[in-house]
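The structure appears below as C-alpha cells.
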Ligand SMILES: Nc1nc2c(ncn2[C@@H]2O[C@H](COP(=O)(O)OP(=O)(O)O)[C@@H](O)[C@H]2O)c(=O)[nH]1
Ligand SMILES: [Mg+2]
C-alpha cells in the first residue's frame, strides 16, 4: 500500500532535513519532488496541482523557515493536507427508522462487490447487527452461488429468488428481512466490465424500489484513474454515498485513494486489503496520511490485534511477565497471535519509520519463524518451561527433531534468555508504575482482568 509515494516522499524530506536551514527556494524544489512523486503514483493531475500549491503556500506563508525544525514542519503540513484531501469521512451507517436499513452495493464487474458484501456483513455482525445478504446479480453465471458461499463463511443468511428479476429480489428481500428479524439488508448487485445503459437502468430501478439508506460504490484501487473515472459516472446516475476501495493490498501507488475524494466529492468509507473476509478496514484519513508518510499506523494495528487476539491470554501473559514466569511455551503462543494478525510482514508494515516503511519487507523471513516454531515444538513441556534443562544431547535431539541444527537451537535459547532479561525489567517497571497514584500501571493483575471483562461485555452488546 502506497510504497511508491512513501519512498519518494521520504527521500524528499530526508533531503530537506539535511539542508539545515531552509530557504523559499529549497521548499519549492522539495515541492517539485513531491509533485513528481504524486504524479508517478498515478494521482489525478488536477489533484496534484492543487495539493502542491496548498502545501507550498502554507510552508512559505507560515514562515516554516524560521521555525526550529523546518523540515518536520513541512512533513506536518503535508500530513495535514493529505488528511484533508482524503477526508473527512464518517463510517457509521445511516439507519432506517422504519424497517431494515438497506445498503446497496454497486460497481463494475470484478471490482470486489460480492467479496465486500461478505466482509461488510461480518463487520456488521461484529458490531452487533443481524444483516441479510441479498443476491441480486442474475447476470453473471455463478454469482448467486458465490454469494451463498461467502454468506456461509461469515455465518450470514443469503436471500435470493432463482429466476427472479433483480428488482423483485431486492424488493422482496426487505420483507423477508423484517419477517426474520434482520436489521440490515446488503444488496449485491450486478456489474459490467464497462458502464452501460442497461446496467444503469437496472440499478436506478433497484434504488427507486428499495430506497437504500446507503449506496456504496465498490472500486478496485489497482485500476487507478479508471476507478476514479467510473466512480464519477456511477455517482452521476445514482448519487452514491461513499466509496469502498478494494485491493489496496495490491496497489503500491495509491492514485485512486488520493484522487477519488477530490474528483468525485465522495468520501472513501472502507478499504479492502485482502481476499479474506476479515480484510476490511474503516477508512481513517489521518491514519492513512500517516501510512503514506511512512509514520505507520499503530492505531489500526492495535484495533486489528484486539479483534483477533485473545484478551484473556494477553492478560495472562502480562501477569507472567510481571512475575518473570515467561516461558518458551508462552513465546510459542505469542507467535501464534502474530500469525492471527496476518503475519510478521503485516505487523511490520504498520510500524513507523525504520521498523515499517523503510524496511524492505522481503527481508523479513517468515520461514525463520517456522524454524523457531519447529524447535519449540520439538521440546518437552518441561524444557519449554525451564530451557536451562537442555543439555548438549537434548539439544542435538531437538535439532534433529525439528529439522534444524544445534546452532539454531542455541541461537533461539540465547535469544530467549535475553528476551526474558528484558521482560524482567519491563515487569519491574510496570509494577512500580502501578504504585504511583494516578498512574494505572500496565493494566495488570485484577484491574486488568476487569478491563478485559468490561470490553467483552461492551462487545457482546455490539458497541465497540
Ligand atoms: N487482493 C484482494 N483481492 C480482492 C479484494 N476484494 C476482492 N478481491 C478479489 O477480486 C476478485 C473479484 O471479486 P468479486 O467480489 O467477485 O467482484 P464482483 O464482480 O464485483 O462481485 C475476487 O477474486 C476477489 O477475491 C481485496 O481487497 N484484495
Ligand atoms: Mg459479484
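Numbering (the working numbering), first residue to last: 949 to 1412. Glycine included, every Cβ here is placed at the ideal spot set by N, Cα and C. Computed from a predicted model, the values in this text were never measured in an experiment.
For residue i, which of the options has the nearest alpha-carbon?
| i | options | result |
| --- | --- | --- |
| residue 1079 | 1031, 1069 and 1180 | 1069 |
| residue 1274 | 1365, 1081 and 1147 | 1365 |
| residue 1221 | 1324, 1231 and 1082 | 1231 |
| residue 988 | 1172, 1010, 1066 and 1120 | 1172 |
| residue 992 | 1097, 1204 and 978 | 1204 |
| residue 1139 | 1030, 1122 and 1178 | 1178 |
| residue 1129 | 1150, 1340 and 1104 | 1104 |
| residue 1181 | 1170, 1145 and 1195 | 1145 |
| residue 1212 | 1225, 1226 and 1185 | 1185 |
| residue 1413 | 1064, 1093 and 1277 | In the structure displayed, the chain extends from 949 to 1412; residue 1413 sits before or after that span and is not available. |
| residue 1058 | 967, 1170, 952 and 1335 | 1170 |
| residue 1005 | 1114, 1191 and 975 | 975 |
| residue 1357 | 951, 1265 and 1343 | 1343 |
Would you mind reading off the limits of the beta strand (DSSP E) that contains residue i?
| i | result |
| --- | --- |
| residue 1229 | 1228-1230 |
| residue 1217 | 1216-1220 |
| residue 1162 | 1162-1168 |
| residue 1135 | 1132-1136 |
| residue 1327 | Run containing residue 1327: none; DSSP gives neither H nor E here. |
| residue 1192 | 1190-1194 |
Between which two residues does the alpha helix (DSSP H) carrying residue i extend?
| i | result |
| --- | --- |
| residue 1143 | That residue, residue 1143, is in no alpha helix (DSSP H); it is neither H nor E in DSSP. |
| residue 999 | 993-1009 |
| residue 1278 | 1276-1289 |
| residue 1053 | First-last for residue 1053: 1049-1054, but that is the beta strand (DSSP E), not the alpha helix (DSSP H). |
| residue 1034 | 1018-1034 |
| residue 1124 | 1114-1127 |
| residue 1343 | 1340-1350 |
| residue 953 | 951-966 |
| residue 1174 | 1173-1186 |
| residue 1204 | 1203-1212 |
| residue 987 | 972-988 |
| residue 1042 | No alpha helix (DSSP H) holds residue 1042; DSSP gives it neither H nor E. |
| residue 1224 | Residue 1224 -> no alpha helix (DSSP H), and no H or E assigned at all. |
| residue 1236 | 1233-1240 |
Kindly identify the DSSP beta-bridge partner or partners of residue i.
| i | result |
| --- | --- |
| residue 1086 | Answer is none; residue 1086 lacks a bridge partner. |
| residue 1079 | 1132 |
| residue 1104 | Bridge partners of residue 1104: none, in fact. |
Give the C-beta separation of residue i and residue j to the nearest angstrom, bearing in mind that I take them to be a contact with Cβ-Cβ under 8 Å.
| i | j | result |
| --- | --- | --- |
| residue 1049 | residue 1132 | 5 Å |
| residue 1161 | residue 1330 | Their Cβ separation, rounded to whole angstroms, is 59 Å, which puts residue 1161 and residue 1330 out of contact at 8 Å. |
| residue 1082 | residue 1117 | 6 Å |
| residue 1214 | residue 1174 | 16 Å between Cβ atoms; not a contact. |
Is the region 1155-1166 close to the region 1041-1059, with three or more CB pairs under 8 Å?
With a cut-off of 8 Å, the region 1041-1059 and the region 1155-1166 count as touching, because enough Cβ pairs lie within range.
Would the region 952-964 and the region 972-989 be scored as touching if the rule is three or more Cβ pairs under 8 Å?
Result yes; three or more Cβ-Cβ pairs closer than 8 Å.
Sufficient close CB pairs (3 or more, under 8 Å) joining the region 1087-1096 to the region 1186-1201
no
Contact between the region 1141-1156 and the region 1026-1035 is defined here as three or more beta-carbon pairs at a separation below 8 Å; is this criterion met?
no
Whether or not the region 1344-1363 and the region 1319-1335 are in contact is what I'm after, with contact meaning three or more pairs of Cβ atoms, one per stretch, closer than 8 Å; do they touch?
yes
Is it a yes or a no for the region 1152-1159 touching the region 1097-1112, going by three-plus beta-carbon pairs under 8 Å?
no
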